[in-house]
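**Q**
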Amino acid sequence: MRTSFVAALANQKAVLGALILRDMRTRFGRTAIGFVIAVAWPLTHLLAMLGIWVAIGRAVPLGTNNVVFFGTGIMPYILCLYPGRMMMLAIQQNKPMLLFPVVKVIDIILARALLEMITAMCVLLAFCTILYIAGVDFLPNQPAIAIAAIALTVLYGISVGLLSCVILVLFPMWVAIFILIMIAQWITSGALYLPSMMPHWVLEYIVYNPLYHCISWLRTAYYDGYGGSTVDPMYVVQVSLFTLLLGFAAERAVRGKLLMK
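In this text, residue positions in the sequence shown follow this note's numbering: the first is 19, and each later residue adds one.
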C-alpha cells in the first residue's frame with residue numbers, strides 16, 4: 019500500500035514538473051530570457067502605475083512617502099490580477115496536453131498555479147530590489163504580516179482564476195466579464211485612497227471586496243495603528259477557500275464537457 023502511494027506521488031510529481039516545464043517553454047520560449055519577460059510584464063505594469071501616481075504628486079493620507087502608500091496599494095492588485103488572469107487561461111492554453119492519458123485537467127491547473135506563485139514571488143523580489151536601488155525604504159515594520167498579506171493576495175487571485183478557467187471553457191465571453199470584475203475590485207479596493215474616509219454607506223459595500231482587505235492588511239505592516247475593525251484577513255481566506263472548492267467542484271462536474279470543448 020505504502021509502495022503504491024509513493025509511486026503515485028512520484029508519478030504526480032513527474033507530471034506536474036513536465037507540465038510546468040512545457041508551460042514555461044510555450045509561454046516564455048526555451049531560454050531564460052522568456053521567463054524574464056514574463057516577470058518584466060507585470061513588473062513594468064506595476065512600476066508604470068506607481069510612477070504615474072507618484073508623479074502626480076498628490077498628498078497621501080498615510081505617512082509622508084507616497085511611493086510606500088501607492089506601492090502598498092498597487093502591488094497587491096498586480097499580484098492578484100496577473101495570477102488570476104493566467105490561471106483563467108490554463109486549460110485553454112494547455113488543451114493539447116489532455117491528449118495524453120496520464121495528464122488530467124487538475125494537473126494542468128495545479129501546474130499553472132505553481133508557476134504563477136513562482137512568477138509572483140519573482141515580481142515581488144524584483145520590485146523591492148528596484149525600490150532599494152532607487153533609495154526608497156520599502157521595508158515593512160512587520161515583515162511577517164507583509165509576507166502573509168502578499169501570500170493571501172496571490173492565493174485569492176489564483177482561486178478566482180481557477181473558477182474562471184472552468185467558466186471560460188464553457189463561456190468564452192467570460193474574459194470580458196473577468197476584466198470588468200477586476201476593474202471594479204481595483205476601484206473599490208482603496209489602493210489609492212483610504213476607504214475609512216469614505217461615507218459609511220460606501221464603506222459598507224467596499225468591505226465585501228476581498229482585495230480591500232488584502233491591501234489594508236498589507237498596510238498595517240507599514241503603518242503603525244492603521245487598520246481597524248473593518249480589516250478582516252479571515253474573510254479573504256474564507257472567500258479564497260470557498261472559490262477554490264467551487265472551482266474544483268465545477269471542474270469535476272463539467273470535466274466531460276471540458277474535454278470535448
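Just so you know, even glycine gets a beta-carbon here, dropped at the ideal spot from N, CA and C.
Note that this is a predicted model, so its numbers are computed, not measured.
For the putative contact between G35 and P101, defined by C-beta atoms under 8 Å, what is the C-beta separation to the nearest angstrom?
**A** The residue labelled residue 35 in the question sits at position 17 within the sequence shown. The residue labelled residue 101 in the question sits at position 83 within the sequence shown. 20 Å between Cβ atoms; not a contact.
**Q** List, from N- to C-terminal side, the beta strand (DSSP E) runs of 3 residues or more that fit wholly inside the segment 55-84.
**A** none
**Q** Entirely within the segment 115-161 and at least 4 residues each: give me those alpha helix (DSSP H) ranges in chain order.
**A** 123-151
**Q** Sorted by chain position, which residues of the same chain lie with C-beta nearer than 7 Å to V193's C-beta, five sequence neighbours on each side aside?
**A** Working through the sequence shown from its first residue, we reach residue 193 at position 175. Closer than 7 Å at the Cβ level, and outside the excluded window around V193, lie L186.
**Q** Applying the criterion that 16 or more other CB atoms from any shown protein chain within 10 Å of the CB defines a buried residue, is N112 buried or exposed?
**A** To locate residue 112, count along the sequence shown from 1; it is residue 94. Classification of N112: buried, given that the 10 Å Cβ count is 16 or more.
**Q** Pick out whichever of L133, A167 and D155 has its Cα sitting closest to the Cα of M105.
**A** Locating residue 105 in the sequence shown gives position 87, where the first residue counts as 1. Selected option, being the one with the closest Cα: L133.
**Q** Mark V57 as exposed unless 16 or more other C-beta atoms lie within 10 angstroms of its C-beta, in which case mark it buried.
**A** As a first step, residue 57 is located in the sequence shown; it is residue number 39 there, counting from the start. With 16 or more other Cβ atoms within 10 Å, it is buried.
**Q** From V225 to G246, what does the alpha carbon distance come to, in whole angstroms?
**A** As a working mapping, residue 225 is identified with position 207 in the sequence shown. As a working mapping, residue 246 is identified with position 228 in the sequence shown. Distance between V225 and G246, taken at the CA atoms: about 12 Å.
**Q** Pull up the distance between the alpha-carbon of G69 and that of L27, whole angstroms please.
**A** In the sequence shown, counting from the first residue as 1, residue 69 sits at position 51. In the sequence shown, counting from the first residue as 1, residue 27 sits at position 9. Between G69 and L27, the C-alpha separation is close to 46 Å.
**Q** State buried or exposed for D242, treating a residue as buried only when at least 16 other CB atoms are found within 10 Å of its CB.
**A** For this step, residue 242 is matched to residue 224 along the sequence shown. Exposed, by the Cβ-count rule.
**Q** Does DSSP put N227 in a helix, in a strand, or in coil?
**A** Here residue 227 refers to the residue found at position 209 of the sequence shown. Residue state, collapsed to three classes: coil.
**Q** Between which residues of its own chain and S234 is the CB-CB distance below 6 Å, once the five residues before and five after are set aside?
**A** The residue labelled residue 234 in the question sits at position 216 within the sequence shown. Same-chain partners within the cutoff: V249.
**Q** Round the Cβ separation of S258 and L149 to the nearest angstrom and send it over; I've been treating them as touching at under 8 Å.
**A** What you label residue 258 is simply residue 240 of the sequence shown in a count that begins at 1. What you label residue 149 is simply residue 131 of the sequence shown in a count that begins at 1. Contact doesn't hold; Cβ gap of about 27 Å is too wide.
**Q** Would A152 be called buried (16 or more neighbouring beta carbons within 10 Å of its own) or exposed?
**A** Working through the sequence shown from its first residue, we reach residue 152 at position 134. It counts as exposed.
**Q** Starting from the C-beta of V121, find all residues in its chain whose C-beta is less than 8 Å away, skip the five residues before and the five after it, and write them out in chain order.
**A** Working through the sequence shown from its first residue, we reach residue 121 at position 103. V33, L37 and M115.
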